[in-house]
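One structure is given here, and the rest of the page talks about it.
Residue numbers (full-length UniProt numbering): 1 to 429.
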């Protein structure tokens, strides 16, 4: 077979796709020998140009987005160039078009028949018609993590932040994910960035730092609202890093330091206040206890003094009573004993006055001991007369009570006689 016939046979295969190209390359033995003989000889320039065109066509047909227009036609550069977002995911290559295929688990293959959507192949065995059916899209039904690149956003209080995050998505409708949007991952990534800027613009810096969970929920809800038409659901969104300008970071550090200092001063003042309260409370309790102790001491002392006075008074009364009884029983002998006792005390008192250099006022008859004793006894006698009169008065009152009770006159007369006799005895004493 000549080179011209090979080119005529390969050009339709190039135009028909990978399946037809593989069929067109199946040559007869004679053609194979002719091609081998030609390969032993140096290739001609036309053959080299044909091979380069064939390789370019193959690489273009195996691209996951071979149906998309050339970026150079749209006026934008390719991946990694200016004007186009960087792709963070490697697109799976389309499987070869054969009669029997095995679809992996959690994977959906979209089959087109003669350029039109035909069906979605489920996991397992699949049969296809060569030259007619074509696997146009391969969609993974697993959860996918999309890295959101770092971007700038301005908060409500005009602070510029650099944020990046991770978006977790899953395809729930392979048809919509294939025909509803050109590149679902790229579209969702751009939507996540714009939604993040919108949500950040509604919050201040403090709220962004505090309400990160609420911000993630709001971004997820906004993405799901738009991504339903693309057959993709957003499971969750997580803000990974938030970078503030250095000046803002320094201000935040100073604010934290000031807040810590404020708390330390407040705690120190509270400690001093509590210490002063405790000291005052201790002094108060000490004064109260001391006053209670003094009060108890005074009460005990007064009680002791009163008991001592009562005991002394009782003892004095008992002594006087005993002396009175002794005088009453002793008659003239007792009178002499009393006079002797008074004389001894008188002498002792003057003896003490002689020992001490004390100026005192004494009676004129200080040298007359007998007169002094007589005076003392006369005073004693006057006291005795007063006591006798008091006793007589009480007896008369008792006799009046007896008269009121209606006793006979004889008993009244005898009672009066006994009273008068008692009075005379006391007077004589």
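From the three backbone atoms N, C-alpha and C, an ideal C-beta is built for every residue, glycine too.
Residue i burial status per 10 Å Cβ neighbour count (16 or more: buried)
i: residue 288; result: exposed
i: residue 450; result: Residue numbering for the chain in the displayed model covers 1 to 429; residue 450 lies beyond these limits and cannot be assessed.
i: residue 190; result: exposed
i: residue 72; result: The predicted model places residue 72 with a pLDDT of 34, which falls under 50 and marks its position as unreliable; any figure quoted below should be read in that light. Label assigned to residue 72: exposed.
i: residue 269; result: exposed
i: residue 93; result: exposed
i: residue 344; result: exposed
i: residue 82; result: Its pLDDT being 36, under 50, residue 82 is placed unreliably in this model, and the coordinates cannot settle the point.
i: residue 256; result: exposed
i: residue 311; result: exposed
i: residue 267; result: exposed
i: residue 235; result: exposed
i: residue 220; result: buried
i: residue 215; result: buried
i: residue 316; result: exposed
i: residue 37; result: Only weak support exists for where residue 37 lies, its pLDDT of 44 falling under 50; the value from the coordinates is given anyway. So residue 37 counts as exposed.
i: residue 105; result: exposed
i: residue 193; result: buried
i: residue 99; result: exposed
i: residue 169; result: buried
i: residue 68; result: Only weak support is given to the placement of residue 68: the predicted model assigns it a pLDDT of 38, under 50, and the question is left unresolved by the model.
i: residue 258; result: exposed
i: residue 223; result: buried
i: residue 299; result: exposed
i: residue 320; result: exposed
i: residue 309; result: exposed
i: residue 110; result: buried
i: residue 307; result: exposed
Distance between beta carbons of residue j and residue i, contact taken as under 8 Å
i: residue 205; j: residue 171; result: Actually they do not touch by this definition, with Cβ atoms about 36 Å apart.
i: residue 173; j: residue 231; result: 3 Å
i: residue 178; j: residue 139; result: 6 Å
i: residue 244; j: residue 203; result: At roughly 14 Å, the Cβ-Cβ gap does not stay under 8 Å, so residue 244 and residue 203 are not in contact.
i: residue 107; j: residue 123; result: 6 Å
i: residue 176; j: residue 229; result: 7 Å
Best match in the options for proximity to residue i [C-alpha to C-alpha]
i: residue 327; options: 314, 341 and 315; result: 341
i: residue 137; options: 295, 164, 120 and 163; result: 120
i: residue 102; options: 114, 128, 113 and 117; result: 128
i: residue 112; options: 291, 309 and 134; result: 134
i: residue 337; options: 323, 242 and 349; result: 323
i: residue 211; options: 320, 239, 130 and 229; result: 239
i: residue 160; options: 225, 201, 114 and 222; result: 201
i: residue 242; options: 308, 166, 276 and 296; result: 166
i: residue 147; options: 228, 181 and 237; result: 237
i: residue 143; options: 233, 182 and 132; result: 233
i: residue 95; options: 114, 126 and 118; result: 126
Contact with chain B by residue i, beta-carbon distance below 8 Å
i: residue 301; result: In the displayed structure, chain B is absent; only one protein chain is listed.
Per DSSP, the bridge partner or partners of residue i
i: residue 112; result: 117 and 134
i: residue 107; result: 140
i: residue 451; result: Lying outside 1 to 429, the shown extent of the chain, residue 451 is not represented and no answer is given.
i: residue 152; result: 162
i: residue 195; result: DSSP lists no partner for residue 195.
i: residue 238; result: 166
i: residue 101; result: 126
i: residue 232; result: 171
i: residue 182; result: For residue 182, which the question treats as bridged, DSSP gives no partner whatsoever.
i: residue 145; result: 168
i: residue 243; result: 162
For the 8 Å Cβ check, are there 3 or more pairs between the region 278 to 295 and the region 239 to 252?
No: fewer than three Cβ pairs fall under 8 Å.
Assess contact between the region 143 to 159 and the region 182 to 201, defined as three or more Cβ pairs (one per stretch) separated by less than 8 Å. Is contact present?
Remark: three or more beta-carbon pairs, one from each stretch, lie closer than 8 Å, so the region 143 to 159 and the region 182 to 201 are flagged as touching.
Using a Cβ distance threshold of 8 Å, determine whether the region 175 to 193 contacts the region 207 to 217, with at least three qualifying pairs required.
Short answer: they don't touch.
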